[in-house]
Amino acid sequence: MESCEVGSDWVSRFRRSVRRWYSRHGRQLPWLGQRDPYTVWVREIMLQQTTVTAVVPYLERFLARFPNVETLASATPDEVLREWEGLGYYRRARNLLKAAGVVANEWGGTWRRSAEELEALPGVGRYTAGAIASFAFEQAAPIVEANTARLFARLIALPVLPSSSEGRKRLWSLAERVVPRVRPGEFNQALIDLGATVCGVEARCEVCPVRSCCEAFDRDVVERVPLRVPRSDPTDVFEVMLVMRREREVFVIRHPDGERWGGLWGFPSWERSTPVSCTAGEAVRIQRDVAAWGCDVEFLAWQKPFRHSVTRFRLHLQPIAVQWQSGEWLGTDPGEWVSLDELENRPLAVASRRIARRIESMRGQGDGVM
1060 MESCEVGSDW VSRFRRSVRR WYSRHGRQLP WLGQRDPYTV WVREIMLQQT
1110 TVTAVVPYLE RFLARFPNVE TLASATPDEV LREWEGLGYY RRARNLLKAA
1160 GVVANEWGGT WRRSAEELEA LPGVGRYTAG AIASFAFEQA APIVEANTAR
1210 LFARLIALPV LPSSSEGRKR LWSLAERVVP RVRPGEFNQA LIDLGATVCG
1260 VEARCEVCPV RSCCEAFDRD VVERVPLRVP RSDPTDVFEV MLVMRREREV
1310 FVIRHPDGER WGGLWGFPSW ERSTPVSCTA GEAVRIQRDV AAWGCDVEFL
1360 AWQKPFRHSV TRFRLHLQPI AVQWQSGEWL GTDPGEWVSL DELENRPLAV
1410 ASRRIARRIE SMRGQGDGVM
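First residue of the sequence shown? That's 1060 in the working numbering, and the numbers climb one at a time after it.
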């Protein structure tokens, strides 16, 4: 490594400092000491691009609903997505179900122990495979995720983007160098905790136990490492959401895989180039749009608009309640009429769940929706 000499003395000193710090300051996470590979796997998939605080209640509910890999493998996609609803990045849940099928049906319910074998599972990348191998099986498998990547980048004053080919190679090389054969799972958790609580985006170098090992600290460039790609402003998107009722039912569609909220159910929506104006003329225009999809409807009411952020988009959503009169849905996304009771059990996109809860709270109050 051009920026930092990482020899055996450095590695020994680094390991001792990390372990000593962890014994005093490690986070008291609810899953500490958990060695069951199924639980570790579900947890690590949930933690991908999601905070610990958000994951804890989801993990508890998910494991209560699907206590082992066989139970999960026998579940339907809708059952899994319903438990995942609100956690985001729903491809993780679909891959979880696929991987459960591999473990239960192809591996006979017996987990592979090496990171290389585990990486063959759908949705399991190098980090997740290393986490399962080290946390569940005490294999000396390296890990690089958001927290450890930031820590490692500063330790060697990484001069390139961590996401670049060279950056990834150098970070994984360091991870392989430092992971010990003795209690590697505990050590990997210590690295994650150190990155999360001390070597954060705003580094707390004054309390860092490994600052004497840190090239970025030595050069006084901590605030400039790791390099970051400038984040662009979110794109504003304006959409109409159609709440179409028929007696005691509402119409929902299945969002296609590969698109926003893929695999989930929700109310039909479509974009407008400008903010939706809640006028009589706009209502007529929407009725014509719906007629083009095969359904004649009667306008009932504009519902309260709201915003929802998804990755780099800021959605401005305007629900409109209409009464179905005749016709069949001819839209490109498949749809169904469902009762309110059934709607509660469907895995809904976050924005659609918000509308569903409004409908439920106003049920029987003559609000123009139900």
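Don't be surprised by glycine CBs; every beta carbon is placed ideally from N, CA and C.
The continuous stretches of beta strand (DSSP E) do not include leucine 1177, which lies in the alpha helix (DSSP H) extending over residues 1174 to 1177. When DSSP assignments are scanned along the segment 1208 to 1293, the uninterrupted stretches of alpha helix (DSSP H) that are 4 or more residues long and fall wholly within it turn out to be 1224 to 1237, 1243 to 1256 and 1274 to 1278. Secondary structure of valine 1335 (DSSP, three-state): coil. The beta strand (DSSP E) runs of length 3 or more contained entirely in the segment 1321 to 1381 are, from start to end of the chain, 1328 to 1331, 1354 to 1361 and 1365 to 1369. Membership of glycine 1394 in the beta strand (DSSP E) is indicated by the continuous run 1394 to 1398.
Each of Pro1315, Val1101 and Met1300 was checked against the Cα of valine 1309, and the nearest Cα belongs to Met1300. A straight-line Cα-Cα distance of about 53 Å links valine 1161 and threonine 1338. Shown here, arginine 1141 sits in a helix according to DSSP, grouped into three states. Per the Cβ contact rule, the segment 1071 to 1086 is not in contact with the segment 1175 to 1188 (fewer than 3 Cβ pairs under 8 Å). With distances taken between CA atoms, glutamate 1341 lies nearest to Gln1377 out of Thr1207, Gly1147, Gln1377 and Ser1133. Annotated three-state conformation of valine 1183 is coil, per DSSP. For the pair of segments examined, the segment 1124 to 1144 was found to touch the segment 1400 to 1420: the number of CB pairs separated by less than 8 Å reaches three. For valine 1311, the enclosing beta strand (DSSP E) starts and ends at 1308 to 1313. For the pair arginine 1305 and tryptophan 1396, the CB atoms are nearer than the 8 Å cut-off. Residue burial annotation: tyrosine 1148 is exposed, with fewer than 16 other C-beta atoms found within 10 angstroms of its C-beta.
The way I'd put it, the segment 1218 to 1238 does touch the segment 1268 to 1287; three or more beta-carbon pairs between them come closer than 8 Å. Assignment of tryptophan 1388 by DSSP, reduced to helix, strand and coil, places it in the coil class. In this structure, leucine 1230 sits near valine 1203, with a CB-CB distance shorter than 8 Å. Tyrosine 1081: member of the alpha helix (DSSP H) spanning 1067 to 1084, first to last residue. Looking from the CA of glutamate 1245, the closest CA among Ser1398, Ser1082, Leu1106 and Leu1155 belongs to Ser1082. The criterion of a C-beta distance shorter than 8 Å is satisfied by alanine 1174 and glycine 1189. Around alanine 1212, the same chain offers Pro1221, Val1284 and Pro1285 as residues with beta carbons nearer than 6 Å, after the five sequence neighbours per side are excluded. For asparagine 1127, there is no enclosing alpha helix (DSSP H), as DSSP marks it with neither H nor E. Taking one beta carbon from each stretch, the segment 1112 to 1122 and the segment 1183 to 1201 have fewer than 3 pairs nearer than 8 Å; the two do not touch. Taken atom to atom, the span from the alpha-carbon of alanine 1415 to that of leucine 1399 is near 8 Å.
Counting of Cβ neighbours within 10 angstroms places glutamine 1362 among the buried residues, the total reaching 16 or more. As DSSP reads the structure, methionine 1303 sits in a beta bridge with Val1381. Going by DSSP, serine 1133 is part of no alpha helix (DSSP H) at all; its letter is neither H nor E. For the pair alanine 1158 and leucine 1140, the CB atoms are not nearer than the 8 Å cut-off.
Ranked by Cα distance from asparagine 1154, the first of Gln1108, Thr1370, Leu1323 and Gly1182 is Gly1182. Boundaries of the alpha helix (DSSP H) around glycine 1160: 1150 to 1160. With distances taken between CA atoms, glutamine 1382 lies nearest to Val1302 out of Gln1108, Val1302 and Thr1294.
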